[in-house]
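*Asks:* Residue numbers (my numbering): 31 to 470.
Think of the CB as a built atom: it goes at the ideal place given N, C-alpha and C, for glycine as much as any other residue.
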Amino acid sequence: MSTPEEIWTARLHAAVDDHPGALTFDVPSYVAAGRKRARRNRAAAVLATTAAVALVAAGAALTTGGTRTEPAQPAAPRLPSTRTLGSDTNGWVAVDTWQGGGEIYLLRPGEDARRLEVAGSAATTEACPAWSPDGTRLLFGRVSPTSDTSPIDAELVIVPVDQSGTTGTPTVIALDGFDVITGHDVHPCGIWAPDGRWVALAGDGEVWVVDTQTGTIRRLPDLRPSDLEWRPGTDELAIAGDMGPSRAARTLSTPVSVYSVATGELRHLGSVEAAHITWSPDGATLAYTGGETDPPDLWLVDGDGANERLLFAEAGGNLHGIGLVWSPTGDRIAYQRLAGGGERHEVVLVDVADKSETVIEAPEADGQLWYPFTVSWSPEGTTLLYAAWTEDDETLPGGVIAVSADDPSNVTVLTDAIDPVPNYDSHQWTPTQMWARRPG
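1) When you compare the stretch 310-317 with the stretch 359-366, are there three or more beta-carbon pairs, one atom per stretch, that lie closer than 8 Å?
2) Which term fits G294, buried or exposed, when burial requires 16 or more other beta carbons within 10 angstroms of its beta carbon?
3) Going by beta carbon distance, what residues of the same chain come within less than 7 Å of E185, once the five residues before and after it are set aside?
4) Do I211 and S276 have their CB atoms nearer than 8 Å?
5) Pop quiz: R261 and T242 are said to be a contact at Cβ under 8 Å. What is the actual Cβ separation, rounded to whole angstroms?
6) Tell me where the beta strand (DSSP E) around I211 begins and ends.
7) Under the three-state reduction of DSSP, which class applies to P450: helix, strand or coil?
8) My assumption, with CB atoms under 8 Å, is that A418 sits in contact with G428. Please give the rounded CB distance.
9) According to DSSP, simplified to helix, strand and coil, what is T176?
10) Report all residues from its chain with a CB closer than 7 Å to the CB of G198; omit the five preceding and five following residues, and keep chain order.
11) Compare the C-alpha of L414 against each of E421, D422, T420 and Y401 and name the closest.
12) Considering Cα atoms alone, identify which of L136, V148 and W161 is closest to T460.
13) According to DSSP, is D455 helix, strand or coil?
14) Which residues does DSSP list as the beta-bridge partners of P163?
15) Assuming D265 and A223 make a contact with CB atoms under 8 Å, what is their CB distance in whole Å?
16) How about D164 and P409: do their beta carbons lie closer than 8 Å?
17) So, is S283 buried or exposed, given that buried needs 16 or more other C-beta atoms within 10 angstroms?
18) Buried or exposed: where does A88 fall if 16 or more other Cβ atoms within 10 Å of its Cβ makes it buried?
19) If you reduce the DSSP assignment to three classes, tell me which class T442 lands in.
20) By alpha-carbon positions, which one of I431, R467, E387 and S439 ends up nearest to G140?
21) Leaving out five residues on either side along the sequence, give the residues of the same chain with a beta carbon under 6 Å from the beta carbon of A466.
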């Protein structure tokens, strides 16, 4: 099981290997300096790799400082005062964190954050919460500790959660033989199909499709996707992108494949090639962007693979994010891009009808500017959910905020005491199902 430091070491070594003149680049020291925070370990990898390559090209030497002692983290996230948020269709937000080595918390405006308590989780780590379409069950991946040479002991867990946040008896599905691409997060991270029965996830060179009622598992070989998305109203799973053989590799576009649960067939969606995808809520249109070597353009294509057209050119680059996310109301697509230097990002909403864009700069709340790791939508489609960070590392490790899409000054801080979605870049599909629809 790879540690965050081992992951960064692999990526940095890969960068240096591409530029062998970097004789003075001290990877171990660089990794040690990045131990300050889990977030810096994660986000600085891309920044550090880019910086290393730039310095190598200039023939410069890179040196780093030492480590510092981390302040003690609170036992559980706290909740500041909040405003009234959204409509009654919104339920719990579930978020995974580094706290406790890998825990899941439930958040809701006006209530204290609480750790998800599920039988059998005391000696395991948990990640990648995803709500069922009806908002009554929470899916997550669970891993038991193993040695570096032992196979991953992975499970999918599905637990009922009522409106009070009380959990029921979990269903546990063992994932025998599950493995991950070298350097990526070891947790199995699933995304629900519209019928609330099937779940898809990615392993090392495979896509797994799991029947949550029977425990039957189908394994689709020769796939290393950067994105998975079920087509609304169907049993079809769209699969896009190639993450490469290790975390050091670039994410590339591939032909978009569509898998049908009913027929078991896997076909290409016309001639479309993409790395990041999102379906319109009626399932009629797919929006997509390319991989790291493609122009940053936003495209649309009909559900049958016909009528490819450009929606927005030069959408911008990013270091964080989960690609495109179509709003549940169908009128807008959200994504994030670099802005203001460093790893700061802003959110862009593109109007599908008139192609106009609305830029949401870093929202301000509790005296802090909040920058997104990931952005997704509330179930009713009026509010954006940020798993975010601030620049005040001494007091706030990060948190989760809700931002009105039409009035970005209306910000609700759900929690400001966790480092959220620590491994979203290993499975960018899961954060789209963090916010539950209120049952009933």
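*Replies:* The relevant details are as follows:
1) Because the criterion of three Cβ pairs below 8 Å is met, the stretch 310-317 and the stretch 359-366 touch.
2) Along the sequence shown, read from residue 1 onward, the residue named residue 294 stands at position 264. The residue is exposed, with fewer than 16 neighbouring Cβ atoms inside 10 Å.
3) Here residue 185 refers to the residue found at position 155 of the sequence shown. Closer than 7 Å at the Cβ level, and outside the excluded window around E185, lie R172, V202, I203, A204 and L205.
4) To locate residue 211, count along the sequence shown from 1; it is residue 181. To locate residue 276, count along the sequence shown from 1; it is residue 246. If you check the CB distance, I211 and S276 come in under 8 Å.
5) Indexing the sequence shown from 1 puts residue 261 at position 231. Indexing the sequence shown from 1 puts residue 242 at position 212. The Cβ separation is near 18 Å, so there is no contact.
6) Locating residue 211 in the sequence shown gives position 181, where the first residue counts as 1. In this chain, I211 is not harboured by any beta strand (DSSP E), its DSSP state being neither H nor E.
7) Position 420 of the sequence shown holds residue 450. Here P450 sits in strand by DSSP.
8) Residue numbering aside, residue 418 sits at position 388 when the sequence shown is read from its first letter. Residue numbering aside, residue 428 sits at position 398 when the sequence shown is read from its first letter. With 8 Å as the limit, A418 and G428 qualify as a contact, their Cβ atoms being about 6 Å apart.
9) In the sequence shown, the residue the question calls residue 176 occupies position 146. Here T176 sits in coil by DSSP.
10) What you label residue 198 is simply residue 168 of the sequence shown in a count that begins at 1. Excluding sequence positions up to five before and after G198, its CB lies within less than 7 Å of the CB of V189 and P190, all in the same chain and listed in chain order.
11) Residue 414 sits at position 384 when you count from the first residue of the sequence shown. Nearest C-alpha to L414: Y401.
12) By 1-based counting over the sequence shown, the position of residue 460 is 430. Closest in alpha carbon position to T460, among L136, V148 and W161, is W161.
13) By one-based count along the sequence shown, residue 455 stands at place 425. For D455, the secondary structure class from DSSP, reduced to helix, strand or coil, is helix.
14) Against the sequence shown, residue 163 aligns to sequence position 133. Checking the DSSP bridge columns, you'll see P163 has no partner listed.
15) Reading the sequence shown from its first residue, position 235 is the one you call residue 265. Reading the sequence shown from its first residue, position 193 is the one you call residue 223. Contact holds; Cβ gap of about 6 Å.
16) Start at 1 with the first residue of the sequence shown, and residue 164 comes out as number 134. Start at 1 with the first residue of the sequence shown, and residue 409 comes out as number 379. Here D164 is not near P409, since their CB atoms are 8 Å or more apart.
17) Taking the first residue of the sequence shown as 1, we reach residue 283 at position 253. Buried: at least 16 other Cβ atoms inside 10 Å.
18) Reading the sequence shown from its first residue, position 58 is the one you call residue 88. With a pLDDT of only 36 at A88, under 50, the local geometry of the prediction cannot be trusted, and no value is derived from it.
19) As a working mapping, residue 442 is identified with position 412 in the sequence shown. Looking at T442 - three-state DSSP - the assignment turns out to be strand.
20) Mapped onto the sequence shown, residue 140 falls at position 110. Ranking I431, R467, E387 and S439 by Cα distance to G140 puts I431 first.
21) Locating residue 466 in the sequence shown gives position 436, counting from the first residue. So the list reads G121, W122, W161 and G165, once near-sequence residues are dropped.
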